[in-house]
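Under this note's numbering, the residue at position 37 of the sequence shown is numbered 78, and the numbers go up by one with no gaps.
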Amino acid sequence: MDKTRLKNIQTNIFDYDGTLHDSTANYIAAFKMAYNYLIENKKADPREWKDKEITKWLGYSSKDMWENFMPNLDAEHQATASKIIGETLLKKVLAKEATLYTGALETLGYLRHKGYQLIFLSNCSEKYMNAHRQAFQLNQYFEEMYCTETFEYSAKYKIFELIEKQYKENFLIVGDRIQDFEISHYHNLVNIGCNYGFGSEEELQQSDIRINAIQELQDIL
42 MDKTRLKNIQ TNIFDYDGTL HDSTANYIAA FKMAYNYLIE NKKADPREWK
92 DKEITKWLGY SSKDMWENFM PNLDAEHQAT ASKIIGETLL KKVLAKEATL
142 YTGALETLGY LRHKGYQLIF LSNCSEKYMN AHRQAFQLNQ YFEEMYCTET
192 FEYSAKYKIF ELIEKQYKEN FLIVGDRIQD FEISHYHNLV NIGCNYGFGS
242 EEELQQSDIR INAIQELQDI L
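Okay, structure coming up:
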């Protein structure tokens with residue numbers, strides 16, 4: 042990649058889970074609660090889960106997660122299991138059990154001070170986004186915060202098409218999953234992949250630059 046393109050960046054679009062927020066422990070707990078519900082209702086068989094088998098769903102919308110994980114699960118049980126996951130994650134935030142990656146807020150503050158516009162774009166619900174907005178006072182860093190639920194869980198690259206004209210041109214995408222890198226692919230934008238997140242090696246190969254910690258953005262930008 043021609044790194045001179047970084048000099049013209051004015052707006053940074055951030056994914057959240059796996060980029061700024063380490064949702065590993067909370068999501069695993071929520072997933073297991075939902076799966077136990079399915080076992081109790083004879084919709085799934087008991088089994089042991091490896092952490093990576095669970096965290097690979099982080100970054101997916103609820104709709105896409107179930108379509109890939111249990112495509113034959115009926116709508117009623119899918120909705121209830123989704124609700125269990127969502128409510129558990131919210132409770133964790135409200136109980137102050139949510140954890141940002143080391144240096145996340147410091148890095149956002151640095152970029153804001155440098156004059157970059159910062160945009161939040163996450164595959165999550167509005168309740169989840171707003172709970173984190175309040176927990177970490179994210180409004181002081183982000184120009185605007187968007188979640189895919191607001192757009193009926195459309196793909197991120199499609200949401201970008203709806204919002205891009207509101208912000209300064211020359212965008213940088215920062216994320217860890219293919220859903221983030223698709224924005225760059227479809228719109229010819231620079232992207233940075235987070236090695237520490239939940240993306241596979243195959244997904245991360247789609248990124249232009251890779252970082253091992255969020256603070257590295259302070260050296261790049």
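Each residue gets a CB set at the ideal place from its N, CA and C atoms; glycine is no exception.
Suppose the cutoff is 8 Å on Cβ atoms and the five residues either side in sequence are ignored; what does the same chain contact list for V215 look like? Indexing the sequence shown from 1 puts residue 215 at position 174. So the qualifying residues of the chain are N53, I54, F55, D56, T60, D221, N232, I233, C235 and L258.
By a C-beta neighbour count over all protein chains shown, 10 Å radius and 16 as the cutoff for buried, is A75 buried or exposed? Working through the sequence shown from its first residue, we reach residue 75 at position 34. Looking at its Cβ environment, which holds 16 or more other Cβ atoms inside 10 Å, A75 is buried.
Give me the residue from K83, N82 and I69 with the minimum Cα distance to K97. Translated into the one-based positions of the sequence shown, residue 97 becomes position 56. Ranked by how close their Cα comes to the Cα of K97, the residues K83, N82 and I69 have I69 in first place.
Relative to the alpha-carbon of T65, which residue among N229, E185 and L99 has its alpha-carbon at the smallest distance? As a first step, residue 65 is located in the sequence shown; it is residue number 24 there, counting from the start. Looking only at N229, E185 and L99, the smallest Cα-Cα distance to T65 is reached by L99.
Per DSSP, what kind of secondary structure is K222 in: helix, strand or coil? In the sequence shown, the residue the question calls residue 222 occupies position 181. In the sequence as presented, Lys is not what sits at residue 222; that position holds Phe. In the structure shown, F222 sits in a helix (DSSP, three-state: H, G or I).
Terminal residues of the alpha helix (DSSP H) in which F177 lies: Counting from 1 along the sequence shown, the entry for residue 177 is found at position 136. In the DSSP assignment, F177 falls within the unbroken alpha helix (DSSP H) covering E167 to F177.
Apart from the five residues just before and just after E193, which ones in its own chain have a Cβ nearer than 6 Å to its Cβ? For this step, residue 193 is matched to residue 152 along the sequence shown. Closer than 6 Å at the Cβ level, and outside the excluded window around E193, lies no residue.
Rounded to whole angstroms, how far is the Cβ of Q158 from the Cβ of K197, which I believe are closer than 8 Å? Position 117 of the sequence shown, counted from the start, is the residue given in the question as residue 158. Position 156 of the sequence shown, counted from the start, is the residue given in the question as residue 197. The distance from the Cβ of Q158 to that of K197 is about 17 Å, inconsistent with a contact at the 8 Å cut-off.
Give me the Cα-Cα distance between Q51 and E185, rounded to the nearest whole angstrom. By one-based count along the sequence shown, residue 51 stands at place 10. By one-based count along the sequence shown, residue 185 stands at place 144. Each residue's Cα considered, the two are about 15 Å apart.
6 Å CB neighbourhood of C188 in its chain, flanking five on each side removed: Counted from its first residue, the sequence shown places residue 188 at position 147. S163, C165, E167 and M170.
If I follow the unbroken beta strand (DSSP E) through S102, where does it start and stop? Here residue 102 refers to the residue found at position 61 of the sequence shown. Counting along the chain, S102 falls outside any beta strand (DSSP E), and DSSP gives it neither H nor E.
How far does the alpha helix (DSSP H) with M74 in it extend, from its first residue to its last? As a position in the sequence shown, residue 74 is number 33, starting the count at 1. M74 -> alpha helix (DSSP H) spans T65 to E81.
Determine, using beta carbons only, whether E147 comes closer than 7 Å to chain B. Reference to chain B is not applicable here, since this structure consists of a single protein chain.
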